[in-house]
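When you line the sequence shown up against numbering that gives the first Met the number 0, it's residues 0 to 279, in that order.
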Amino acid sequence: MAGNLERALAVLELLAKNGGRMTLATIADTLNIPRSGTHRLLSMLIDEGFVRQDQDHGEYTLALKLVSLGLIYLSTSGVADISQPVLDRLAESSGELARLGVVEDDHITFVGKAQGAKSGLRYDPDMGSQPPLHCTASGQAWLSTLSDERAVELVSKQGGLGQKSVNTPRAPKTIQQFLKDLNGARQRGYGVAIETYEAGMTSIAAPVRNPVTDEVVGIVSLAGPTSRLPESRLKELAPSLLSAAADMGAATLSSPLFKPAGTGGGAPEAKKPRRPKANA
């Protein structure tokens with residue numbers, strides 16, 4: 000039973016990450032599951048309303064039931080009510096994409112966003128995505144609050160520094176460079192990623208702390224085209240970002256979604272948390 004449950008969840012996750020239609024053969028081969036077993040799993044998921052099959056081409060995709068459950072959970076958790084006003088203000092003042100990510104176990108999941116770009120190139124990735132930790136500002140912001148050892152462990156669990164999904168020349172390729180980037184984030188109080196995850200894109204992110212325990216429960220980030228976000232602009236935006244992270248931290252007390260990192264797979268921090276300076 001446990002094996003079937005794990006496989007069924009793996010099928011759902013695969014379909015979600017691929018976004019489009021997938022054939023039974025592709026699903027089976029990707030997950031290394033016999034095709035007969037994959038067919039049984041898909042039939043079960045169809046019966047439960049989580050997957051649907053295109054009757055014309057036979058391909059499989061997620062049904063809206065899973066999306067509906069996620070939206071129901073987010074609405075009842077209060078995350079939209081507490082985060083959206085903060086994200087809207089940050090997006091409006093910066094003119095870029097503002098996002099909120101929640102720290103859970105060994106990853107970050109984006110659960111809220113506001114688009115500040117009114118014209119030109121707009122960066123707007125999917126909600127619910129989980130960013131690579133080693134080469135994104137969001138990952139850097141979180142990992143910089145942990146010990147070097149724990150940060151390396153989390154990156155290793157996600158695939159290490161040589162992840163195939165990341166193919167940018169500026170992404171850190173060595174432990175030394177990765178740790179240097181983390182130390183820079185610690186000194187600034189926020190993470191910076193200039194074309195380390197996507198060519199032509201830059202992001203900046205700050206940790207969101209539980210104001211009672213001071214533990215990191217999420218991140219707030221800004222992202223946009225590098226052409227609009229040179230280093231001088233990032234320094235200008237830093238005070239607003241840090242202020243938004245502080246506001247978000249105070250607001251998270253009203254939502255059960257924001258559990259302290261230590262309760263779900265987090266780790267001791269590298270040192271006593273330092274409060275970023277407003278003129279960082």
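Note that beta-carbon positions come from the ideal geometry of N, C-alpha and C, so glycine has one too.
In the DSSP assignment, ILE26 falls within the unbroken alpha helix (DSSP H) covering 23-30. Boundaries cannot be given for VAL211, as no beta strand (DSSP E) includes it and DSSP labels it neither H nor E. Using a 10 angstroms sphere on the CB of GLY223, the tally of other CB atoms reaches 16 or more, which defines it as buried.
Between the beta-carbon of MET21 and that of LEU14 there is about 6 Å, and that keeps the pair under the 8 Å contact cut. Assignment of THR37 by DSSP, reduced to helix, strand and coil, places it in the helix class. ASN3 and GLU235 have their alpha carbons spaced roughly 51 Å apart. Judged by DSSP secondary structure, GLN54 falls outside any alpha helix (DSSP H); it is assigned neither H nor E. In this structure, the straight-line span from the alpha carbon of GLY158 to that of HIS133 is close to 10 Å. Below 8 Å, too few C-beta pairs join the region 55-65 and the region 168-175 to call them touching: fewer than three. Residue environment analysis places PRO130 among the buried positions, since at least 16 neighbouring C-beta atoms fall within 10 angstroms of its C-beta. Sequence-distant partners of LYS156 (beyond 5 residues in either direction) whose C-beta falls short of 6 Å from its own C-beta, in its chain, are ASP105.
Nearest in C-alpha terms to THR195, of all of PRO168, ARG187 and GLU230, is PRO168.
Linking LEU41 to ALA7 through their CA atoms gives a straight-line distance of about 8 Å.
A distance below 6 Å between beta-carbons, with the five flanking residues on each side excluded, links ALA244 to the following residues of its chain, in chain order: ALA205, VAL207 and VAL219. Under the three-state reduction of DSSP, LYS112 is assigned to strand.
For GLY183, the enclosing alpha helix (DSSP H) starts and ends at 174-187. In its chain, beyond the 5 residues on either side, GLY190, VAL191, ALA192, SER202, ILE203, ALA204 and SER220 have a beta carbon closer than 7 Å to the beta carbon of ALA136. Contact between ALA140 and GLY115 is ruled out by a C-beta separation of about 19 Å, above the 8 Å threshold. Nearest neighbour of LEU241 by Cα position, chosen from SER35, MET43, LEU153 and SER93, turns out to be SER93.
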